[in-house]
Structures are given as structure tokens and as C-alpha cells.
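A.B. asks: Throughout the sequence shown, residue numbering follows full-length UniProt numbering, covering 1 to 202 in sequence.
Below is one structure. I have some questions about it.
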Amino acid sequence: MSLKIAATTILRNEAREVLMLKRGATAKFMPNSLVFPGGIVEPKIDASFPESKTNYEEKNYDGILLNGFKNDFPLRVGAARELFEEAGVLLVFDVNVRECKALTPEHDKSLNEWRKKVREDPIKFSQLFGSSLKLDVDALIPWSNWLTPASYNRRFDTVFFVVPITETITEEFCEREMAGAKWDIPSHFIERNYGEGLFLFY
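In C-alpha cells, the structure reads:
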């Protein structure tokens, strides 16, 4: 069984809370589980994302390299795209003020329509960015690389990135894929996993 390449984002705020999403009961993979925002990397689409629309500089990174990838650029793009699709959080770098931001539909209602477009056709993700507003791939800090246990029918080779944020944001989870979202410290999620029988998958 071949492993599918995936990228996941651990969004972490100043209170040391992380964002986890709850998968719906009808999800094909890990229904009713708590997961970090993430999904399958689209190799051709994510690799062809224009670097000029990002703040990526390969020389700055000591990334996690997977077989078949010359660098981690497609993984960063894939992780950022999935974060936007699943949680409504868009990582941007504003060139004019030299500032990184995490935007949500709370800041710009048009992002809801863009999420629908990107879910239907991931190649449209690049249309959100230009010369003054770039995709902030520099915010993604490589953390780990995990394989789904061999006991599962669907298996993934997943790269995890951590994204620290300073501002308070209100995520808007994708209701088509998720049943809820919650910010909490990691130890509380683990306690719920054991105490309440809530399945935690990461």
C-alpha cells in the first residue's frame, strides 16, 4: 500500500493553546476524531504555486525532506492551503508593512467564498496572493514527520508544522468535513482522550 503525502499545521497561540478540529461522524478517515488542520498535498499543484507570491527563501530553511521532493516548499504550501480550507485561517505576509498576519472570514467576509473555490479547485489558492500580499510560508516551523500505523487501511506520510500566532483569531471550521473546533492546551486534549473516550488522532 502506497503512502499518501500529507501536511498538517499545529496552530499555537500565546496561551500555549493549540487548535484541534473534530472530524464528522461520516468522515471516511478517522470519523469523530480530534485532528489538527491538514490534508493531502497536491504535488503538482502545490509545487507549481508561484514562489514570487510567497516569502519563501530556500536558503533560510532546514526543513523536513520527503522522497520525491527537492525541498519542502510544496509541503509548506499544502499545509497552508489545508489550514485555510479546513479552519478558515489564511497565513499572509503584508509586504507594505512587513507584517505577518493570520486572516479569517471575521477580517474579510470574501474569504468564505474563496474557501469554497479553493476546495473545489486547489489551483485557485494562488489567486488570493500578489505582489503586496504574499503567502506566509515562513511562518511554518517544521516539527515532525509521522507515518500512519500499519494497522490502518488508509496511510499517510505526514509532515507537521507549528505556526505560532500572537493575535486572537476566530476560526471557522469547514462544516462539510468537520463537526467542531476547539482551542486548548495539549495536556487537556490528552486528558479528554483518556477520560472521556474522545479519540485523539495526530
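Note that the Cβ used here is the ideal one computed from N, Cα and C, for glycine as well.
Taking C-alpha atoms, which residue in Pro37, Glu51 and Val18 lies nearest to Ile190?
C.D. replies: Mapped onto the sequence shown, residue 190 falls at position 190. The shortest Cα separation from Ile190 among Pro37, Glu51 and Val18 belongs to Val18.
A.B. asks: Exposed or buried, Pro122, counting other C-beta atoms within 10 Å across all chains shown (16 or more means buried)?
C.D. replies: Your numbering for residue 122 matches position 122 in the sequence shown. Pro122 is buried by the Cβ-count criterion.
A.B. asks: Counting C-beta neighbours from all protein chains within 10 Å, is the total for Thr158 16 or more, i.e. buried, or is it exposed?
C.D. replies: Counting from 1 along the sequence shown, the entry for residue 158 is found at position 158. With 16 or more Cβ atoms within 10 Å of its Cβ, Thr158 is classed as buried.
A.B. asks: Using a Cβ-Cβ cutoff of less than 7 Å, which residues in the same chain neighbour Leu3 once the five nearest sequence positions on both sides are dropped?
C.D. replies: Within the sequence shown, the letter at position 3 stands for residue 3. Contacts found: Leu147, Arg155, Phe156 and Asp157.
A.B. asks: Taking only the alpha-carbon atoms, compute the straight-line gap between Leu111 and Asn67 and give it to the nearest angstrom.
C.D. replies: Sequence index remark: in the sequence shown, residue 111 carries index 111 (1-based). Sequence index remark: in the sequence shown, residue 67 carries index 67 (1-based). Using only the alpha carbons, I get a separation of about 34 Å.
A.B. asks: Look at the alpha carbon of Lys101 and the alpha carbon of Val163, and state the distance between them as a whole number of angstroms.
C.D. replies: For the purposes of this step, residue 101 is taken as residue 101 along the sequence shown, with counting starting at 1. For the purposes of this step, residue 163 is taken as residue 163 along the sequence shown, with counting starting at 1. Approximately 11 Å, taken between the alpha carbons.
A.B. asks: Between Glu99 and Ala139, what straight-line distance do the alpha-carbon atoms span, to the nearest angstrom?
C.D. replies: Sequence index remark: in the sequence shown, residue 99 carries index 99 (1-based). Sequence index remark: in the sequence shown, residue 139 carries index 139 (1-based). Each residue's Cα considered, the two are about 11 Å apart.
A.B. asks: Using a threshold of 8 Å, state whether the C-beta atoms of Asp134 and Val95 are closer than that.
C.D. replies: Within the sequence shown, residue 134 is the residue found at index 134, counting from 1. Within the sequence shown, residue 95 is the residue found at index 95, counting from 1. The sequence given here has Lys at residue 134, not Asp. Cβ distance < 8 Å, so Lys134 and Val95 count as in contact.
A.B. asks: How would you write the range of the alpha helix (DSSP H) that Asn112 sits in, first residue to last?
C.D. replies: Locating residue 112 in the sequence shown gives position 112, counting from the first residue. Counting along the chain, the unbroken alpha helix (DSSP H) around Asn112 starts and ends at Ser110 to Glu120.
A.B. asks: Starting from the Cα of Gly130, find the closest Cα among Ser144, Asn55 and Thr8 and give me that residue.
C.D. replies: Walking along the sequence shown from the start, residue 130 turns up at place 130. When each option's Cα is compared against that of Gly130, the closest is Asn55.
A.B. asks: Taking a contact to mean a Cβ-Cβ separation below 8 Å, would you say Arg23 touches Met178 in this structure?
C.D. replies: By one-based count along the sequence shown, residue 23 stands at place 23. By one-based count along the sequence shown, residue 178 stands at place 178. In contact: Arg23 and Met178 (Cβ atoms closer than 8 Å).
A.B. asks: Less than 8 Å between the CB atoms is what I'm expecting for Thr9 and Thr104, so what's the real figure, rounded?
C.D. replies: Your numbering for residue 9 matches position 9 in the sequence shown. Your numbering for residue 104 matches position 104 in the sequence shown. Between Thr104 and Thr9 the Cβ distance is about 14 Å, and since that is not below 8 Å, they are no contact.
A.B. asks: When the Cα atoms are used, what is the spatial distance from Lys53 to Ser126?
C.D. replies: In the sequence shown, residue 53 corresponds to position 53, counting from 1. In the sequence shown, residue 126 corresponds to position 126, counting from 1. Their backbone Cα atoms lie some 7 Å apart in a straight line.
A.B. asks: What are the start and end residues of each continuous alpha helix (DSSP H) run of 4 or more residues lying completely inside the stretch 11–59, in chain order?
C.D. replies: 43–47
A.B. asks: In angstroms, rounded to a whole number, what distance separates the CA positions of Leu34 and Val97?
C.D. replies: Position 34 of the sequence shown holds residue 34. Position 97 of the sequence shown holds residue 97. Each residue's alpha carbon lies about 36 Å from the other.
A.B. asks: Give the DSSP bridge partners of Thr158, in chain order.
C.D. replies: For the purposes of this step, residue 158 is taken as residue 158 along the sequence shown, with counting starting at 1. In the DSSP output, where bridge partners are listed per residue, Thr158 has Ala6 and Trp146.
A.B. asks: What span of residues does the alpha helix (DSSP H) with Val137 cover, start to end?
C.D. replies: What you label residue 137 is simply residue 137 of the sequence shown in a count that begins at 1. Looking at the DSSP string, Val137 is not in any alpha helix (DSSP H), and its letter there is neither H nor E.
A.B. asks: According to DSSP, is Lys70 helix, strand or coil?
C.D. replies: Position 70 of the sequence shown, counted from the first residue, corresponds to residue 70. Looking at Lys70 - three-state DSSP - the assignment turns out to be coil, as it is neither helix nor strand.
A.B. asks: In this structure, what does DSSP give as the bridge partners for Asp94?
C.D. replies: The count along the sequence shown starts at 1 and reaches residue 94 at position 94. Answer is Glu99 and Leu133, bridged to Asp94.
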